[in-house]
Amino acid sequence: AIERTLSIIKPDAVAKNVIGKIYSRFESNGLKIVAARMRWLSRAEAEGFYAVHRGKPFFNDLVTFMTSGPVMIQVLEGENAIAKNRELMGATDPKKAAPGTIRADFAQSIDANAVHGSDGPDTAKAEIAYFFPEMEVYSGR
Ligand code: CMP
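Residues in the sequence shown are numbered from 2 upward in steps of one, following UniProt numbering.
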């Protein structure tokens, strides 16, 4: 089925100037960018976005990292977009990410891991709504 998923290019990858290279991977693998925005998240915004991880040992470092510089946030649309994006990203820990994946090629560490992608249909819906009102998602245009 055609799905939408939320993708974030994290501060490490924005700083490395590889937004275009990562966009190319989405586009050449059938994922269309149907909304996009560059933002420097506040602490409150990052904490809200990652609310499911509140209380985990890595939460504070995660929020600190995600607010360390601007991020590029996009909605990707396509056949099986959620799983497809996760496949393109590779494992959360870049040391475990398969060769040729975004994290294997551009990430340094489990925190500075280049990209975020929604992990299922419910989180995709919530994460897209967190950053984009429905009228700013240009599906099928
Ligand atoms: P992301 O997909 O953005 O979702 C939560 C983030 O927490 C994850 O990518 C990692 O960057 C970060 N993180 C740090 N430590 C861990 C961990 N032990 N397990 C999962 N995520 C972690």
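For every residue, glycine included, the Cβ atom is placed at its ideal position computed from N, Cα and C.
This structure is a prediction, so every number in the text was calculated from the model and none was measured.
Classified as buried, P95 has 16 or more neighbouring CB atoms from the shown chains inside 10 Å of its CB. One thing to note: L32 has its Cβ no nearer than 9 Å to the Cβ of V72.
Just so you know, the alpha carbons of H117 and V138 end up roughly 19 Å apart. Placement of the Cβ of F59 at a distance of less than 8 Å from at least one heavy atom of ligand 1 is found.
For G118, the shortest separation between its Cβ and any heavy atom of ligand 1 lies below 8 Å. Remark: C-beta atoms of S140 and E78 approach each other more closely than 9 Å. Between ligand 1 and the CB of D123, the shortest heavy atom gap is not smaller than 8 Å.
Relative to ligand 1, L63 has its C-beta within less than 8 Å of a heavy atom. In this structure, T6 lies near A125, with their beta-carbon atoms less than 9 Å apart. In chain order, I74 place their CB closer than 6 Å to the CB of F132, counting only its own chain and leaving out the 5 sequence neighbours on each side.
For T93, the CB falls within less than 8 Å of some heavy atom of ligand 1.
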